[in-house]
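K.L.:
Counting with our numbering, you get residues 12 to 270 for the letters of the sequence shown.
All C-beta atoms, glycine included, are put in the ideal place defined by N, C-alpha and C.
Let me give you the structure first, and then I'll get to my questions.
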Amino acid sequence: MSEAILRTENLTKRFGGLIATDNLSLNLPSGRLQAIIGPNGAGKTTLFNLISGLLKADSGRVFFHGRDITGLRPHEISRLGIKRTMQIKSVFNQLSVMENLWITRQATRRFLHPFRPASRDRETRERVDYTLEQVGMTGLAHRIAGTLSYGDVAMLEIGMALISDPRLLLLDEPICGMSPAETERAVAKIRELARKIDIIIIEHDMEVVFGIADDITVLAQGAILMTGSPEEVANNERVREAYLGRPEDEDYIEEAENA
Ligand SMILES: Nc1ncnc2c1ncn2[C@@H]1O[C@H](COP(=O)(O)OP(=O)(O)O)[C@@H](O)[C@H]1O
Ligand SMILES: [Mg+2]
Numbered sequence: 012m013s014e015a016i017l018r019t020e021n022l023t024k025r026f027g028g029l030i031a032t033d034n035l036s037l038n039l040p041s042g043r044l045q046a047i048i049g050p051n052g053a054g055k056t057t058l059f060n061l062i063s064g065l066l067k068a069d070s071g072r073v074f075f076h077g078r079d080i081t082g083l084r085p086h087e088i089s090r091l092g093i094k095r096t097m098q099i100k101s102v103f104n105q106l107s108v109m110e111n112l113w114i115t116r117q118a119t120r121r122f123l124h125p126f127r128p129a130s131r132d133r134e135t136r137e138r139v140d141y142t143l144e145q146v147g148m149t150g151l152a153h154r155i156a157g158t159l160s161y162g163d164v165a166m167l168e169i170g171m172a173l174i175s176d177p178r179l180l181l182l183d184e185p186i187c188g189m190s191p192a193e194t195e196r197a198v199a200k201i202r203e204l205a206r207k208i209d210i211i212i213i214e215h216d217m218e219v220v221f222g223i224a225d226d227i228t229v230l231a232q233g234a235i236l237m238t239g240s241p242e243e244v245a246n247n248e249r250v251r252e253a254y255l256g257r258p259e260d261e262d263y264i265e266e267a268e269n270a
């Protein structure tokens, strides 16, 4: 059993009368691609917001590699190595792909080594090139981000998270809005990345999840419905029920069954 990269203990978050995160205790081991799935409004993004410090929990704790990070501010949590992408994509539209990566790296480096400008440029260039390769965008280095396809913007955002040295990468629906070809490419890249760093992916598309995850945690109404392998989750009656009444999701379940 490998070390828990992330653990939550009785995490609870309310918005008025709504319980978005309901006494949630998670224990995610390192070295496995973890997916968190669940119907819309299940509390997936809220969980990421609690982990990354964007929201304060009403009660409960969050541990990262055994360290209690509850109540730390977002920049402190980011500095410990938890990086995330947002469900709503955010890159600098007027800048090129390379420049987006460059300034993200400079911001990280400036923080780490404020007085080492001379060696910085070469290091940054190498790192930008490496990251372009990691996300499969070398050929798009000089494209203005605002002109990229949706899938490429999503990959650039992942690159910007990668270039700031994550130990844990939180991806919030990175595939959402991608074409089938983009999806296939992104899934392959994410799997490749997961061999080197820990990744937790929130994904609504069941088909994608079954193809990408080692372990799946299913959330419904802020609580864990089940945790298991893709096969276990696909065959679980309660998971099916949680997705029922939502026609677009029934299709996914049927496809997963027939796969
Ligand atoms: N800032 C907020 N204020 C009020 N309600 C919120 C806020 N963020 C999320 N919620 C509510 O909490 C529930 C869980 O939302 P969310 O975590 O975004 O779900 P998911 O990402 O699984 O679709 C939803 O009912 C949503 O409307
Ligand atoms: Mg969400």
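What is the rounded straight-line gap between the Cα of Thr135 and the Cα of Ala231?
P.N.:
Along the sequence shown, one-based indexing puts residue 135 at 124. Along the sequence shown, one-based indexing puts residue 231 at 220. Those two C-alpha atoms are separated by around 42 angstroms.
K.L.:
How is Asp140 classed by DSSP in three states: helix, strand or coil?
P.N.:
Translated into positions along the sequence shown, residue 140 becomes position 129. If DSSP states are grouped into helix, strand and coil, Asp140 belongs with the helices.
K.L.:
With a CB to CB cut of under 8 angstroms and the five nearest residues on each side skipped, what residues in its chain are close to Val198?
P.N.:
Position 187 of the sequence shown, counted from the first residue, corresponds to residue 198. Result list for Val198: Ile186, Val219, Gly222 and Ile223, in chain order.
K.L.:
With respect to 7 angstroms, is the separation between the Cβ of Thr96 and the closest non-hydrogen atom of ligand 2 below this value?
P.N.:
As a first step, residue 96 is located in the sequence shown; it is residue number 85 there, counting from the start. Result no, Cβ not under 7 angstroms from ligand 2.
K.L.:
Tell me, please, which residues DSSP counts as bridged to Gly239.
P.N.:
Numbered from 1 along the sequence shown, position 228 holds the residue referred to as residue 239. In DSSP, Gly239 forms a bridge with Ile227.
K.L.:
Sorry if obvious, but does the Cβ on Asp216 come closer than 7 angstroms to a heavy atom of ligand 2?
P.N.:
Residue mapping note: residue 216 aligns to position 205 of the sequence shown, counting from 1. Because no heavy atom of ligand 2 lies under 7 angstroms away, the Cβ of Asp216 does not count as near it: no.
K.L.:
Please classify Gln45 as buried or exposed, where buried requires at least 16 other C-beta atoms within 10 Å of its C-beta.
P.N.:
Locating residue 45 in the sequence shown gives position 34, counting from the first residue. It counts as buried.
K.L.:
Is Leu29 buried or exposed, if buried means 16 or more other CB atoms sit within 10 Å of its CB?
P.N.:
Stepping through the sequence shown from its first residue, residue 29 is reached at position 18. Leu29 is exposed by the Cβ-count criterion.
K.L.:
For Met109, which residues from the same chain have a beta carbon less than 8 angstroms from its beta carbon, with the 5 sequence-adjacent residues on both sides left out?
P.N.:
As a working mapping, residue 109 is identified with position 98 in the sequence shown. Counting only Cβ-Cβ distances below 8 angstroms, and skipping sequence neighbours, we find Val139, Leu143, Ala152 and His153.
K.L.:
Let's test the definition: count the other Cβ atoms within 10 Å of the Cβ of Lys67 and tell me whether it reaches 16, buried, or not, exposed.
P.N.:
Position 56 of the sequence shown, counting from 1, holds the residue named residue 67. Exposed, because fewer than 16 other Cβ atoms sit within 10 Å of the Cβ of Lys67.
K.L.:
Within 10 angstroms of the Cβ of Arg116, are there 16 or more other Cβ atoms? Answer buried if so, exposed if not.
P.N.:
Mapped onto the sequence shown, residue 116 falls at position 105. With 16 or more Cβ atoms within 10 Å of its Cβ, Arg116 is classed as buried.
K.L.:
Closer than 6 angstroms is what we want: which residues have a beta carbon that near any heavy atom of ligand 1? List them in chain order.
P.N.:
The set, ordered by position in the chain, is Phe26, Leu29, Ala31, Gly49, Asn51, Gly52, Ala53, Gly54, Lys55, Thr56 and Thr57.
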